[in-house]
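To start, the structure itself, in structure tokens.
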Amino acid sequence: MEAIKQLLEQNRKWAEDREQQDPGCFARQSKSQSPKILWIGCCDSRMPAEQLTGTEPGDMLVYRNIANLVNLNDPSCMSAIQFAVNVLQIDHIIITGHTNCGGISAALKGNTTDDLHEWLEPLQGLCDQHKEELNSCCNHDQRVDQLSALNIKQQVLNVAETDVVQQAWKRGQQLSIHGFIYDVASGELRSMGIHISGTD
Ligand SMILES: [Zn+2]
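Residue numbers for the sequence shown follow the working numbering, beginning at 1005 and rising by one.
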């Protein structure tokens, strides 16, 4: 229970400090939110979205799952995108994967069962599609990072193909989708140079 007690204590301290630095911040934020970014990332404990981007509460809507997958049949992810685009009218969706991803590694090893196996199923298709490229990597760690990169590109495309995003672009809504990778060994967040800003 020590870890749980510590969490609550740290929270009290965080809230006090924030209120001291910016009096009235919680009262103001309690009224509404208007983030400009939807962050879709892996839920790995080593990549806390807000901390590594230096963003504050209210800056980003964050949605995380194992291996940062955008599954068009997943109502949880689809509703996050719908809310972000239609209600919050965010400007950017960022798909962020990372190096040394356990979900990606498990998919490559093919040793998962039950729900996890089902969740990681889309990665199997990606492995088959890029078999040669992945086989040319010299070891498992390199294959993991290569598949992470391929996965980020695929998820950017998946987001672009959602009805919500397609409709937003048809309406002329400004909305861009980006692919980022986070290096857990250095703390560096890098753009993968993938940006989609419309149906073209
Ligand atoms: Zn991961």
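Where a beta carbon is used, it is the ideal one built from N, C-alpha and C, also for glycine. This one's a predicted model, so the numbers in the text were calculated from it and none came from an experiment.
With 6 angstroms as the limit, the residues whose C-beta approaches any heavy atom of ligand 1 more closely are Cys1046, Asp1048, Ala1071, His1102, Cys1105, Gly1106, Gly1107, in sequence along the chain.
Counting only residues of its own chain and dropping the five nearest sequence neighbours on each side, Leu1154 has a CB closer than 7 angstroms to the CB of Leu1130, His1134. By the C-beta density criterion, His1102 is buried, having at least 16 other C-beta atoms within 10 angstroms.
When only Cα atoms are considered, Leu1042 and Asp1063 end up about 9 angstroms apart. Of all C-beta pairs linking the region 1007 to 1021 to the region 1145 to 1159, fewer than three are shorter than 8 angstroms, placing the two stretches out of contact. Rounded to whole angstroms, the gap between the alpha carbons of Ile1200 and Gln1025 is 38 angstroms.
Contact annotation: the region 1030 to 1042 touches the region 1059 to 1078, with at least three C-beta pairs closer than 8 angstroms. Bridge partners of Phe1184 according to DSSP: Thr1100, Ser1195. Sixteen is the threshold: since fewer than 16 other Cβ atoms of the shown chains lie within 10 Å of the Cβ of Asn1115, the residue is exposed.
By the criterion of a C-beta distance shorter than 8 angstroms, Gln1128 is surrounded in its chain by Ala1111, Gly1114, once the five residues flanking it on both sides are discounted. Boundaries of the alpha helix (DSSP H) harbouring Arg1147: 1144 to 1165, taken from the DSSP string.
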